[in-house]
Amino acid sequence: MKLQPYFLQYPITSFLKTKIFTSTINKAPAIGLVLCSSFIVSLVLPEFSDTLLKKSETTAQAQRINGTQYTVQPGDFLASIAERFYGDGSEASWRIIYEANRAIIGTDPTQLVAGMVLIIPGANQSQSSPVDSRGSFQDMLLALGQRETGQQNPPYNIENQLGFIGKYQFGEALLIDLGYYQANFYYGNGASRNEWQGTWTGKNGVNSKQDLLNNQNNVQETAIQEAFALNLERINSQLQQNGLSVKQFIGQQRGGVVITTSGILAAAHLRGEGGVVQLLLYNQVSQDENGTSILDYLREFGGFQTPFD
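For the sequence shown, full-length UniProt numbering assigns the number 1 to the initial residue and increments by one for each residue that follows.
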């Protein structure tokens, strides 16, 4: 539908009034500009005036108590918010937040509603993003390839002693999950290494192991992003069985390592979605076949920008 010009969406009289009033503002003392601006907003866009005032009041309150604003997300609870901002989800910490927002939350501190704007006393905006960005998603992929292959300029055509292949060291089980490969006997299901004796499906033009090693149609870069998305979906699915989501853990710590989305993606690539869920829910630290800890990947790849943030 073609939209009308903005000025045709409101009565002409409103704009005539606004023009006259604006002319008056230009002659008014500076001290009255804020009041006049608010009046113009309510005159031209009355449906937004209440929202504007409420946001202004929340901002003013945050400034008065030296805190920051936080919008409640689905699945949030006071303990998880306290953990995010203070690194401590104990009652002593979440009650600080509750007492500062009692008028908003009500008499029951468990009754948070998504969309509520809370004030977090003693917190600032930098605390809501506990890890400074270390680079772009492409920077992360390069770093992951370097770690997986052990080479500064990670090659695509590489295989290790256990038969993991490519820049990101794909195994049979993962490529089965992603729809590139089929096998009944494979590493993790009866085989002691990745033997690659199954069949290839032809997905994205890959019909053989060598096609994948040759990075046919840039398939390795496509597959790693597919793997990230699949693992994240599976992690969230398992967490939802406990009424939780990945977002609630961002900013928390495990083993002294701050949890970030990029760190979770890398940790899942190392230890699968199950390893990440066990770490998040029960603080259980697992290792791969070479003794590499899931915490190593959570730390090394934390703080990068990703399409999943």
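We treat Cβ as the ideally placed atom computed from N, Cα and C, and that holds for glycine.
Of all alpha-carbon atoms in Thr292, Asn290, Leu298, Glu289, the one lying nearest the alpha-carbon of Leu279 is that of Leu298. Here the stretch 233-241 makes no contact with the stretch 108-123; the two share fewer than three CB pairs at distances below 8 Å.
When C-beta atoms of the stretch 161-173 are compared with those of the stretch 214-229, three or more pairs fall below 8 Å, so the two segments count as touching. Per DSSP, the continuous beta strand (DSSP E) segment holding Leu118 begins and ends at 117-121. With 16 or more other CB atoms across the displayed protein chains lying within 10 angstroms of its CB, Thr149 is buried.
By the Cβ test, the stretch 189-207 is not in contact with the stretch 134-142, since fewer than three Cβ pairs between them sit closer than 8 Å.
By the beta-carbon neighbour count (other beta carbons within 10 angstroms, threshold 16), Asn101 is buried.
For Arg84, same chain residues with a beta-carbon under 6 Å away, outside a window of 5 residues either side, are Gly251 in chain order. The alpha-carbon separation between Gln216 and Ser80 amounts to approximately 44 Å. Beta-bridge annotation (DSSP): Arg95 is not paired with any residue.
In the three-state DSSP reduction, Asn214 falls in the coil class, being neither helix nor strand. Assigned with DSSP and collapsed to three states, Glu159 falls in strand. Each residue's CA atom was taken as its position, placing Glu172 and Leu281 some 28 Å apart. If you draw a straight line from the Cα of Ser133 to the Cα of Thr261, it comes to about 11 Å. In this chain, the alpha helix (DSSP H) harbouring Gly275 covers 261-282.
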